[in-house]
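Please read the structure below before turning to the comments.
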Amino acid sequence: MSMEKRRWLRLALQVKGSVIPAVLPRSLFCGFFALIVKLLLDAHYPVSLPLLASLIPNIVLGLLLVFRTNTAYDRFWEGRKFWGSIVNTVRNLARQIWLAVEEKEAGDRPEKVKALYLLVAFAIATKLHLRQEPIDPEIKDFLSPGKYKKLQRMNNPPLKVAFWIGDYLQSQYQHNRLNIYQLTEMHKLLDNLVDAIGGCERISKTPMPLAYAIHLKQLLLLYCLSLPFQMVGQLGWGTAPVVVLISFTLFGIEEIGNEIENPFGHNQNDLPLDAICLTMHRNIDDLISLEPTVHSAEPFF
Amino acid sequence: MSMEKRRWLRLALQVKGSVIPAVLPRSLFCGFFALIVKLLLDAHYPVSLPLLASLIPNIVLGLLLVFRTNTAYDRFWEGRKFWGSIVNTVRNLARQIWLAVEEKEAGDRPEKVKALYLLVAFAIATKLHLRQEPIDPEIKDFLSPGKYKKLQRMNNPPLKVAFWIGDYLQSQYQHNRLNIYQLTEMHKLLDNLVDAIGGCERISKTPMPLAYAIHLKQLLLLYCLSLPFQMVGQLGWGTAPVVVLISFTLFGIEEIGNEIENPFGHNQNDLPLDAICLTMHRNIDDLISLEPTVHSAEPFF
Amino acid sequence: MSMEKRRWLRLALQVKGSVIPAVLPRSLFCGFFALIVKLLLDAHYPVSLPLLASLIPNIVLGLLLVFRTNTAYDRFWEGRKFWGSIVNTVRNLARQIWLAVEEKEAGDRPEKVKALYLLVAFAIATKLHLRQEPIDPEIKDFLSPGKYKKLQRMNNPPLKVAFWIGDYLQSQYQHNRLNIYQLTEMHKLLDNLVDAIGGCERISKTPMPLAYAIHLKQLLLLYCLSLPFQMVGQLGWGTAPVVVLISFTLFGIEEIGNEIENPFGHNQNDLPLDAICLTMHRNIDDLISLEPTVHSAEPFF
Amino acid sequence: MSMEKRRWLRLALQVKGSVIPAVLPRSLFCGFFALIVKLLLDAHYPVSLPLLASLIPNIVLGLLLVFRTNTAYDRFWEGRKFWGSIVNTVRNLARQIWLAVEEKEAGDRPEKVKALYLLVAFAIATKLHLRQEPIDPEIKDFLSPGKYKKLQRMNNPPLKVAFWIGDYLQSQYQHNRLNIYQLTEMHKLLDNLVDAIGGCERISKTPMPLAYAIHLKQLLLLYCLSLPFQMVGQLGWGTAPVVVLISFTLFGIEEIGNEIENPFGHNQNDLPLDAICLTMHRNIDDLISLEPTVHSAEPFF
Amino acid sequence: MSMEKRRWLRLALQVKGSVIPAVLPRSLFCGFFALIVKLLLDAHYPVSLPLLASLIPNIVLGLLLVFRTNTAYDRFWEGRKFWGSIVNTVRNLARQIWLAVEEKEAGDRPEKVKALYLLVAFAIATKLHLRQEPIDPEIKDFLSPGKYKKLQRMNNPPLKVAFWIGDYLQSQYQHNRLNIYQLTEMHKLLDNLVDAIGGCERISKTPMPLAYAIHLKQLLLLYCLSLPFQMVGQLGWGTAPVVVLISFTLFGIEEIGNEIENPFGHNQNDLPLDAICLTMHRNIDDLISLEPTVHSAEPFF
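Listed below in structure tokens is the structure:
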């Protein structure tokens, strides 16, 4: 129990991954402003205005912050779902290719393996595309050198990889190694993969409507800058640290929203896309190590 | 960090795209009303009624505003999803047409290209239809002149373009260039496109129920006009600016709801439909630049 | 801007479509009760009990009202979605029938047109069914006289129309005018239509659980009737108008919930079902005016 | 209007179907406790502790209650959706069986009718299964005596009925009375029915996590038992009735959650499963009364 | 009623399954801190600062806690849905295999039975995988010894079992015991099973974004440690117990979130995965006891 306790405390005091670095300057600025207000009060300016407390109804600010929080988290979770969908579809498509594409000649098996690795290449290309990074050597192992070069010149690389997978499937059907019914189903799985690209692009390219972002920031600023006037009369020099704490609390919630709204980056609060891609790679490797009875002479059980 | 800070501040103070222009007159009106109340007070009318604070429970107003906010944002986001669905389906349908429709004669390839551009025409026609704008030259490049003329006379142009795409697919099947299984799947993708039109129409033609819109405006008005009576006794001449700020806060939230509820316009807070259509155009161009192995003699890998 | 402003105000003051007529009597009753309390106070009864303010925590009442609001709006929007689904499916099914059912004899085309109008009949029959109105002449144009008569004797008319559509499709397949694959897909679209009937019935026949409805009304009544006791000591004769306003606010929110919960009626806050049916009619008319190339000798482009 | 008014009032005062019977004892207990506190105060014990008001923040309790409410209602509505899905699927499956299964011999029609009634038997068996009631004569009319007996020995009767329907369909295909494509689609509809059983079981067998249930009850108890200490100083003997009312309000909300969380019982706040089953029965009867043209010699129109 | 009452009370006072053991140390620590503050006050340090009440707005903390609660419960319920999906799909797949795979030779039936038990093995393997437990004898009865050994060496055992089921199905098709249409549908059901693995992995491997977890803990700590300063002036020695109670309330809500966020463990608040697996086992046993008419000579009715 005490270990659990310590872990809880450690997390509560952890700076890395928290919003403290991003939010501290803003909060200190508000504290600095509070100091000025205190000095003005000491110079007998009439800056003690406790009635300003009703300036921005607490409930309105609170609910807007939570709206911000919910919206950002929904995007984070929706992004996670799309990557979950990529994982699932890659597994399903790989299994079906491995089982349903017939092997008639010696070269069919290696070609199939290459097609399976295209699925991993798809996932990596999607990751790089969402991070707006160029095609890098990470993806090289899963593509023929010619395809690797072509990919570097594309606007939307994952879409291209999806095209190649579809091309492979269609050509297997053309060569009578795949029946039309299973081809059709595999094309649908491929559609799922393309849907996932589109879904992730939607999340990363459509920010929260500008008017909300601005209005929320305006309210936060008004609220935090009105705090010293409310409190200075009673808290005196204590106003500054209290204002820092309150503004830290509020800016922090807004900042978390900004950070997780687009969850495809390299940040600690983003999705572990590298690990997810690695999982897919390992799943494909495992699959290739299995000999399906369909393509062998052994009995099933 | 300080750059980030400055960006944050710049956004908080930005007027363009914010609701300030729309909401300022209403807020100033409330401030003006507050001045009148102050003058009445000075003329010894009994207008200082702090108990009015309980007139409209804060929580009720706050929750209604947030209900408004959530509902409007849900529509915004649902509209974005339908456009995401159009992007995905156009990509999938284009890929499948490019791969699965066989090319038997010399004229088949150019006809296929024309069919792919019909998909772009569909997206543009949907955009214009949702904005209630006439068919304009923007769409001309993606249609034969005859179709362009016909489209100008239609009630629901995107529905017509979908019909032409379906017609093309069905005739490919009739001419044995497309098998029945893949035809059926493509018809389903076409159904998705038509579903997206219907979904967007639903959003743009079904406003929030009238009774809510009215009741919320009534509450806002009551609330803002009761503020001076509550405050004038204590804030004096300060009542006016404070009432302006509070009413700005509240009207602003309602106004954002109004603005993003129908997200298909040209406004800064609307969806970037032009950019989305351009993306589809570029994706189709990229696709056409690729030679599928299915229709060539080369080996796949 | 000033026009916009005036529209905003006009809406805020609009009575038609608002809940004022339904809610006013209840609110006036509460105000009347407040007068009695004031009279009792003047007769020196100890009815001034400001502590009753904590009788029903504001937050509990507020959240319950919003729960009511959200639930009712969700039903409204879900109902709208089902009608959107009917629109989409009618369009898709019509397009597919028009394209895929072959015309072998002279009489096939008129029969096809009749089948398309059955889709409009379906929508109208659903509308009448949800409004619990008898089959009326509005639907007559879209049905043969024999079918019109039969429909009048049915418990669930739209279900019958769906059956006829399915019967038509199946018989086209029997007569080799429709292939089995597209028949199967059309049966699925028909399933969607039947799902939409069921969905709308679900909304209109399953009210909010009784216990919620009762508990919310009890809390509202308790709250509004306790208001005079809280306020009479300080507001005097002003208690009555203030109580009227507060109870109007609260009853209004509950009443909106009641009104939009079942959105299939003729009310101003209900869905525009007549307009939606008309849209479908017009879409079908447009479709029939188009000659598909599949059934003609002309080239596609 | 006055009738509407009276209905509103009648509902507000209705005891049957409300949570009053369940919650009254608990509330009276709290009132009794308040009396004791008052007596202690009169005996000069220091039990007047108005500061306890901050013991449980109002907002926390309120939000937890609403969380409870939302969760319970979501289950209620999800359960309703599953039954809606059963209604829809039974209608669709019945229509497709009636249309698509060919009748070659004299005995085929009566067998088909029996198969349709199996669908009604499925619905009733699901109802009984969810209510944990044994197979009773209600279901007898829709099953052969042999099947009725077998069903009584089963763990999961509706699953068995679904198996029989699938068996019927598969054997129609075996005997060339049903083509493979429509068989496949019907199997999918059957999957929907089985999904609905599973979904309802999920709702009725997975209560709200225990920790929530306990924590909420603890908070409610703490809150209600701290009320007398807060109020006794000011309200005196009035503390008891006020505490009864407040605790009634709060316990009531929790109790409604408990009642509708599992909506498949016989309670007034449960789903009208008997009526829903009757609807399906009537729909099937109507369907059987219709002669499809597919199986007759008449022209369609 | 009084029994119901007693059950309600017993649950409210139950320790097992509640968060009391986890949260008590933290709460007592806060109480201890309150004692120190009281001692400092008695030593005439100026630690009575009632204005700190506004340090963290109640509404912000409350809404964040409820956000935490909703998010965690959504994961719990989503996890339950995936397991419901596994139950449904296992039932559907089992029924379809039992009905549609033809039995041509004597050995076909026992092989089919083995394939059905693979479905149970799939569920158990998923359970063990999610709990990060090794393959244990529980699964042994449902697998051949060879497969059992292989499974122990796999990274993702349930994925392997899904592969074997797909392999079985594909080989039945290869040997003409299953038609291609039903094979395709069964592959889709298998895809559902694999989707469920991926979905559960998503829930168990993607915690709430770190920044939220940290910020919420920081706010809770700040709030609870500021309580003594607010209260000590008025409550004196009573501060400690009151602080313990309040912090217990708040920490408890956060802790429940932590406990149910990953619902696949052995904890009392986790999903009853063992019971769910047992249900599937029993359903398969029941199914095997039924003789389908398709594979027998008897008439159906």
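First to last, the sequence lines map onto chains A, B, C, D and E. For the first sequence, the working numbering gives the first residue as 7, with consecutive numbering after it. For the second sequence, the working numbering gives the first residue as 7, with consecutive numbering after it. For the third sequence, the working numbering gives the first residue as 7, with consecutive numbering after it. For the fourth sequence, the working numbering gives the first residue as 7, with consecutive numbering after it. For the fifth sequence, the working numbering gives the first residue as 7, with consecutive numbering after it. Note that CB positions come from ideal geometry on N, CA and C, so glycine has one too. Computed from a predicted model, the values in this text were never measured in an experiment.
Considering Cα atoms alone, identify which of the options is closest to residue i.
{"i": "P234/B", "options": "K44/B, I26/B and P27/B", "result": "K44/B"}
{"i": "H221/D", "options": "Y154/E, I259/E and A219/E", "result": "I259/E"}
{"i": "R74/A", "options": "V66/E, A78/E, L157/E and A49/E", "result": "V66/E"}
{"i": "L196/C", "options": "P52/D, V21/D, N98/D and E191/D", "result": "N98/D"}
{"i": "A40/E", "options": "N289/E, W243/E, A129/E and F270/E", "result": "W243/E"}
{"i": "V238/E", "options": "G68/E, S33/E and L58/E", "result": "L58/E"}
{"i": "P247/D", "options": "R16/D, L19/D, L30/D and L15/D", "result": "L30/D"}
{"i": "P56/C", "options": "L241/C, T285/C, M286/C and C283/C", "result": "L241/C"}
{"i": "I26/E", "options": "P298/D, C230/D, L216/D and Q158/D", "result": "L216/D"}
Who are the Cβ neighbours of residue i in its own chain at under 7 Å, not counting the five residues just before and after it?
{"i": "I203/B", "result": "T132, P164 and L165"}
{"i": "N198/B", "result": "S91 and T95"}
How long is the line joining the alpha carbons of residue i and residue j, rounded to whole angstroms?
{"i": "S210/A", "j": "Q274/B", "result": "18 Å"}
{"i": "L47/E", "j": "L227/E", "result": "21 Å"}
{"i": "L277/A", "j": "N94/B", "result": "23 Å"}
{"i": "F82/A", "j": "F257/A", "result": "19 Å"}
{"i": "E191/C", "j": "K194/B", "result": "8 Å"}
{"i": "L175/D", "j": "L189/D", "result": "7 Å"}
{"i": "L136/B", "j": "S232/C", "result": "50 Å"}
{"i": "C36/E", "j": "S253/E", "result": "7 Å"}
{"i": "L125/C", "j": "A78/D", "result": "38 Å"}
{"i": "A281/B", "j": "K153/E", "result": "53 Å"}
{"i": "A49/E", "j": "L34/C", "result": "59 Å"}
{"i": "M214/A", "j": "E265/A", "result": "12 Å"}
{"i": "R288/A", "j": "M160/E", "result": "11 Å"}
{"i": "Q138/E", "j": "H272/E", "result": "12 Å"}
{"i": "P52/D", "j": "S54/E", "result": "22 Å"}
{"i": "A18/C", "j": "V72/B", "result": "18 Å"}
{"i": "N3/D", "j": "T255/D", "result": "Outside the shown range of chain D, which is 7 to 307, sits residue 3/D, and nothing can be said about it."}
Using a Cβ-Cβ cut-off of 8 Å (strictly less than) and excluding sequence neighbours within five positions of residue i, which residues of its own chain qualify?
{"i": "S295/E", "result": "none"}
{"i": "R326/E", "result": "Only positions 7 to 307 of chain E appear in this structure, which leaves residue 326/E out of reach."}
{"i": "C206/A", "result": "G85, F88, W89, T132, L136 and F270"}
{"i": "R32/C", "result": "S253 and F257"}
{"i": "K120/C", "result": "S150"}
Under 6 Å Cβ to Cβ from residue i, same chain only, skipping five residues before and after it: list those, please.
{"i": "F148/E", "result": "Y123, V126 and A127"}
{"i": "N268/B", "result": "S210"}
{"i": "A28/B", "result": "E261"}
**Request:** Note down, one range per segment and in chain order, each alpha helix (DSSP H) of at least 4 residues found wholly within the stretch 126-163 of chain D.
**Result:** 151-158
**Message:** Could you tell me which whole alpha helix (DSSP H) segments of length 4 or greater appear in the stretch 23-63 of chain C?
**Reply:** 26-48
**Every unbroken beta strand (DSSP E) inside the stretch 241-271 of chain E [3 residues or more]** = none
**Request:** Output the residue ranges of the beta strand (DSSP E) runs that lie fully inside the stretch 97-125 of chain D and measure 3 residues or longer, sorted by chain position.
**Result:** None, since the stretch 97-125 of chain D contains no complete beta strand (DSSP E) of that length.
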